[in-house]
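Peer 1: Chains as they are written, first to last, in our numbering: chain A, 1 to 125; chain B, 126 to 275. Even glycine gets a Cβ: it sits at the ideal position worked out from N, Cα and C. What you are looking at is a predicted structure, and each value in this text was computed from that prediction instead of being measured. Just dropping this structure here.
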Amino acid sequence: MAGNPQGPLSSHSPNPDALTSAPTEFRAAAEDRAEEFIALAENWKRDTKHVSLISRKILHPAYLRIIGMGQPALPFILRELRDRPGHWFVALRAIDNVDPVPAGASPEEARELWLRWGRAANLLD
Amino acid sequence: MPVEDLERDFPSLNLSNYEIISPEDFNYNGLAFVLGDSNNWWEPPGILGHYWPDGFAETVYVETAGAIVQLHGYTLDTTSTTEADAVAIYAISGEWTHLARSQDGRWVSKLGEGHDIIHSTPDVLEGDLFGRVVRVLANRGQPIKPPGSI
Chain A
1 MAGNPQGPLS SHSPNPDALT SAPTEFRAAA EDRAEEFIAL AENWKRDTKH VSLISRKILH
61 PAYLRIIGMG QPALPFILRE LRDRPGHWFV ALRAIDNVDP VPAGASPEEA RELWLRWGRA
121 ANLLD
Chain B
126 MPVEDLERDF PSLNLSNYEI ISPEDFNYNG LAFVLGDSNN WWEPPGILGH YWPDGFAETV
186 YVETAGAIVQ LHGYTLDTTS TTEADAVAIY AISGEWTHLA RSQDGRWVSK LGEGHDIIHS
246 TPDVLEGDLF GRVVRVLANR GQPIKPPGSI
């Protein structure tokens with residue numbers, strides 16, 4: 001497992017040590033599901049772009065399916081977040097049970113912290 | 126974003142009644158926008174990249190959004206949509222979905238994480254996504270507090 005499902009959420013610091021055990025395996029698994037992720041992400045973006053509440057955006061079936069993909073989705077989500085900023089923070093936290101973003105961070109600050117976390121975990125170039 | 130996508134989500138929009146005035150931006154939403162904040166996404170609770178002012182219920186009920194807007198000077202409930210300075214609250218089933226603000230006789234909105242637009246009237250954004258305007262609050266002269274000054 002990449003995260004820490006048994007322990008408490010890490011609220012302010014990335015937990016790359018927990019991820020470095022098998023990043024290559026995750027990447028290989030993720031590549032196998034590239035088309036599925038891309039289709040789901042496009043679907044979600046299209047249907048929720050104009051929604052004003054993230055609490056509603058994340059209930060979209062495509063978003064829930066991406067969370068359901070589990071850790072193989074992490075590199076794709078991080079790439080998407082890097083290339084097309086969006087509200088992927090709930091999915092990232094749900095999948096890996098960590099949260100590098102302190103309360104009060106803006107979306108852009110949250111994005112930067114998650115990308116930093118992804119690079120530290122060798123999940124993002 | 127292609128204009129077709131925008132007009133798909135809001136079928137009453139057409140090139141004669143709206144204008145895109147900003148790039149897409151995921152940093153702020155409609156509630157933030159009407160209060161002059163383009164750096165924060167106002168939504169309860171204040172975690173995961175959201176901002177929510179202290180002292181307000183962590184709900185998305187219209188009453189909560191109304192209370193926040195009122196504290197920024199929009200104190201007068203009205204049925205008029207021709208106020209010089211007003212905020213319209215859209216809702217579905219008692220939960221706010223969007224807010225728009227009148228400005229110089231036209232209305233301005235931030236559409237989710239999409240564009241800011243100018244639109245002719247509040248009703249052109251009504252529909253399946255935002256529901257209907259359920260409350261209009263006017264500001265007749267009180268200075269607007271800066272964002273986050275609640």
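1. Once you ignore the five residues that flank A/Q6 on each side, which residues in its own chain have a CB closer than 6 Å to its CB?
2. Report the rounded CA-to-CA distance for B/L131 versus B/T207, giving the unit in angstroms.
3. Quick one: measure Cβ to Cβ for B/A225 and B/S234, integer angstroms, because I've assumed they're closer than 8 Å.
4. Ignoring anything shorter than 4 residues, give me the alpha helix (DSSP H) runs that lie fully in the segment 53-106 of chain A, in order along the chain.
5. For B/P271, decide whether its Cβ has a neighbour in chain A, counting only Cβ atoms nearer than 7 Å.
6. Counting only runs that start and end within the segment 172-211 of chain B, where is the beta strand (DSSP E) found for 3 or more residues in a row?
7. May I ask you to report which of helix, strand or coil DSSP gives B/G266?
8. B/L196 to A/L53, Cα distance in whole Å?
9. Is there a Cβ from chain B that is less than 7 Å from the Cβ of A/I66?
10. Whose CA, out of B/T204, B/N142 and B/Y176, lies closest to the CA of A/A105?
11. Here's a check: name, in chain order, each residue in its chain whose Cβ is nearer than 8 Å to the Cβ of B/V187, leaving out the five neighbours to either side.
12. Is the segment 89-99 of chain A in contact with the segment 140-147 of chain B, if contact means three or more CB pairs nearer than 8 Å?
13. Going by DSSP, what residue range makes up the beta strand (DSSP E) through B/E220?
14. Can you pull the chain A residues whose beta carbon is under 7 Å from the beta carbon of B/G266, in chain order?
15. Just to confirm, is the Cβ distance from A/L115 to A/P75 under 7 Å?
16. Is A/R111 near A/P85, with beta carbons less than 7 Å apart?
17. Does chain B have any CB closer than 7 Å to the CB of A/L81?
18. Should B/Q227 be labelled buried (16 or more other beta-carbon atoms within 10 Å of its own) or exposed?
19. Within the 7 Å Cβ cut-off, does A/A110 reach chain B?
20. Sort out for me which residues DSSP pairs A/A39 with in a bridge.
21. Do you know how far the Cα of A/G70 is from the Cα of A/D125?
Peer 2: Put simply:
1. On the first sequence, residue 6 of chain A is found 6 positions in, with the first residue counted as 1. Here A/Q6 scores only 36 on pLDDT, less than 50, and its place in the model should not be relied on; the value that follows carries that caveat. The beta carbon of A/Q6 sits closer than 6 Å to no other beta carbon from its chain once the five residues preceding and following it are set aside.
2. To locate residue 131 of chain B, count along the second sequence from 1; it is residue 6. To locate residue 207 of chain B, count along the second sequence from 1; it is residue 82. Straight-line spacing of the CA atoms in B/L131 and B/T207 works out to 25 Å.
3. As a first step, residue 225 of chain B is located in the second sequence; it is residue number 100 there, counting from the start. As a first step, residue 234 of chain B is located in the second sequence; it is residue number 109 there, counting from the start. About 4 Å; that satisfies the 8 Å criterion.
4. At a cut-off of 4 residues, the continuous stretches assigned as alpha helix (DSSP H) that sit fully inside the segment 53-106 of chain A are 54-57, 61-69, 74-83 and 89-96.
5. As a working mapping, residue 271 of chain B is identified with position 146 in the second sequence. The pLDDT assigned to B/P271 is 46, lower than 50, so where the model puts this residue is not dependable, and the model offers no usable value.
6. 201-203, all fully within the segment 172-211 of chain B.
7. Looking up residue 266 of chain B in the second sequence gives position 141. Correct three-state label for B/G266: coil.
8. For the purposes of this step, residue 196 of chain B is taken as the residue at position 71 of the second sequence. For the purposes of this step, residue 53 of chain A is taken as the residue at position 53 of the first sequence. Going by the C-alpha atoms only, they are around 21 Å apart.
9. For the purposes of this step, residue 66 of chain A is taken as residue 66 along the first sequence, with counting starting at 1. No, A/I66 lies away from the interface with chain B (no Cβ there is under 7 Å from its Cβ).
10. Looking up residue 105 of chain A in the first sequence gives position 105. Closest in alpha carbon position to A/A105, among B/T204, B/N142 and B/Y176, is B/Y176.
11. Along the second sequence, read from residue 1 onward, the residue named residue 187 of chain B stands at position 62. Only I214, A216, G219, E220, W221, V259 and R260 meet the Cβ criterion.
12. The answer is no - the segment 140-147 of chain B does not touch the segment 89-99 of chain A, with fewer than three Cβ pairs under 8 Å.
13. As a working mapping, residue 220 of chain B is identified with position 95 in the second sequence. Run containing B/E220: E220 to Q228, per the beta strand (DSSP E) assignment.
14. Sequence index remark: in the second sequence, residue 266 of chain B carries index 141 (1-based). B/G266 does not reach chain A, its nearest Cβ partner there being about 28 Å away, counting only Cβ pairs nearer than 7 Å.
15. Within the first sequence, the letter at position 115 stands for residue 115 of chain A. Within the first sequence, the letter at position 75 stands for residue 75 of chain A. No, they are not a contact pair.
16. Walking along the first sequence from the start, residue 111 of chain A turns up at place 111. Walking along the first sequence from the start, residue 85 of chain A turns up at place 85. Yes; because the gap between Cβ atoms is below 7 Å, this pair is in contact.
17. Translated into positions along the first sequence, residue 81 of chain A becomes position 81. The Cβ of A/L81 sits no closer than 7 Å to any Cβ of chain B.
18. For the purposes of this step, residue 227 of chain B is identified with residue 102 of the second sequence, where counting begins at 1. According to the sequence displayed, residue 227 of chain B carries Ser and not Gln. Classification of B/S227: buried, given that the 10 Å Cβ count is 16 or more.
19. To locate residue 110 of chain A, count along the first sequence from 1; it is residue 110. Interface residue, yes.
20. The residue you call residue 39 of chain A lines up with position 39 of the first sequence. In the DSSP output, where bridge partners are listed per residue, A/A39 has none listed.
21. The count along the first sequence starts at 1 and reaches residue 125 of chain A at position 125. The count along the first sequence starts at 1 and reaches residue 70 of chain A at position 70. If I take the Cα positions, the gap works out to 20 Å.
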